Amino acid sequence: MKLLRYGDEGQEKWGMLDSAGGIRTLEDALAQIGGEPVSLEWLAQLQKLDSAKLPLLKAAHRVGPCVPRPLNFVCVGLNYADHAAETGGRIPKEPILFLKSLSAFCGPYDDIVIPPGSRKTDWEVELGVVIGAKASHVSEAAALDYVAGYTVVNDVSERAYQTERAGQWDKGKGCDRFGPVGPYLVTKDEVPDPQALKLFCEVDGQMMQDGTTANMIFGVRRLVSYVSQFFTLYPGDIIATGTPAGVGMGKKPEPVFLRPGQSLRLGVQGLGEQRAKTIGG
Ligand code: ZN
C-alpha cells in the first residue's frame, strides 16, 4: 500500500495511490477508522480497503510530505563506507545520530530553498524508515515489528554551516525546506528487504549518487533498535538512514554545490521519486 498526503502546506489530507497511479481520497474512509494515524493498527484497517472503490481525485493537487509533521526526525550520519571516505570521515564504531529541525520538514516536490548567503548547499538521498508503533529499548530481532514502512528523504545539508561554524551538525541540517519526505509511505509488506534497494540522486540530469542500501554500515534493524535506546520513537517518526557516496562535497577535483535554478530528481527503488527545483532564499 502506498499512502500520501495531498493539499496545500499544513492542510494536507490522506490519500492512497491506486494501481494506475491515481490518487484516491481517504477523507470519507478515515471517518470510519479509529486509531492513531500511521500506527500499525491504523494501517491494518486501511489495508482492508479496495482502492478502486475510493473516490478518485480529478484535479491536480500538491503532494506534501507522506506523513504529518513527526515528533522525531532522526538522521544517521556517515552510514555508508564510501560516503564516509569521500567526506574524509572515519567509519563510525556506533551509529552517528543527529536530529533534523522539524521546521525543515517539507514535501517531495516543494522547492528547495538555498539559504541566504549559502555557498555549500548539498544533496543526500536516503532511505527513510517510518515508525508504526511506540518503540523504546527494542531489540534488533524485534525492530522491524515497530516499522510502518519506508519513504524517500533528501537530507539537504549546508556544509559550511554543518562543519565550519562550530559545534554539532544541526546548523547545516535544519534550514527551511531541508527535509523533503515522500512522495509515498510504502508499507513494509511491499519492501521485503530494506537492505537491497537501489537509490540515486540526479542534479540537472547528471547522476550524482548511485548506490544501494546493501552498503549501509548499520542496517535498518540495528538503527531502529539503536535509536530506541536513546529516544522513544512514535508512529509517524522518521529515521533517515544515511546517504551513499556522490554528494557535492565529495566531488573531485572540486566540490560542487547547488545554485538557484537547478533541478533535482532522487529516489529509492520501489518507493517513488522526488523532483524539486532549487530557489534562492
Ligand atoms: Zn544524511
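Per this note's numbering, residue -1 is the first one in the sequence shown, and the count goes up by one each step.
Positions of the beta carbon are idealized from the N, C-alpha and C atoms, including for glycine.
Because the structure is a prediction, the values reported are computed rather than measured.
- With 16 or more other Cβ atoms from the protein chains shown falling within 10 Å of its own Cβ, residue 3 counts as buried.
- The nearest non-hydrogen atom of the ligand ZN is 6 Å or more from the C-beta of residue 211.
- Counting only heavy atoms of the ligand ZN, the residues whose C-beta sits closer than 6 Å to one of them are, along the chain, 73, 122, 124, 153, 238, 240 and 241.
- In this structure, residue 184 places its C-beta atom within 7 Å of the C-beta atom of residue 147.
- Per DSSP, residue 25 is not a residue of any beta strand (DSSP E); the alpha helix (DSSP H) it occupies stretches across 25 to 29.
- A check of alpha carbon separations from residue 196 across 242, 173 and 168 identifies 242 as the nearest.
- Under the 10 Å beta carbon count, residue 163 is surrounded by fewer than 16 other beta carbons and is classified as exposed.
- With fewer than 16 other Cβ atoms inside 10 Å of its own Cβ, residue 89 counts as exposed.
- The beta strand (DSSP E) runs of length 3 or more contained entirely in the region 139 to 222 are, from start to end of the chain, 145 to 152, 183 to 185, 196 to 201 and 204 to 210.
- Judged by DSSP in its simplified three-state form, residue 224 adopts helix.
- Rounded to the nearest angstrom, the Cβ distance from residue 78 to residue 240 is 6 Å, consistent with a contact under 8 Å.
- Nearest to residue 63 by alpha-carbon distance, out of 45, 119, 109 and 33, is 109.
- Put simply, the region 158 to 174 does not touch the region 222 to 235. Fewer than three CB pairs are less than 8 Å apart.
- The residues 172 and 174, in chain order, have a CB closer than 8 Å to that of residue 101 in the same chain once the five nearest residues on each side in sequence are set aside.
- Annotation: residue 129 to residue 12 spans about 17 Å, alpha carbon to alpha carbon.
- Here DSSP, grouped into helix, strand and coil, assigns residue 45 to helix.
- Counting only runs that start and end inside the region 228 to 255, the beta strand (DSSP E) elements of at least 3 residues fall at 236 to 238.
- Between the C-alpha atoms of residue 218 and residue 232 there is a straight-line separation of about 16 Å.
- In its chain, beyond the 5 residues on either side, 0, 2, 21 and 182 have a beta carbon closer than 7 Å to the beta carbon of residue 15.
- Runs of the alpha helix (DSSP H) spanning 4 or more residues and lying entirely within the region 52 to 96 occur at 79 to 84, in chain order.
- Residues of the same chain with a CB within less than 6 Å of the CB of residue 141, apart from the 5 flanking positions on each side, are 219, 222 and 223 in chain order.
- Minimum Cα-Cα distance from residue 99 among the listed residues 28, 93, 32 and 72 corresponds to 72.
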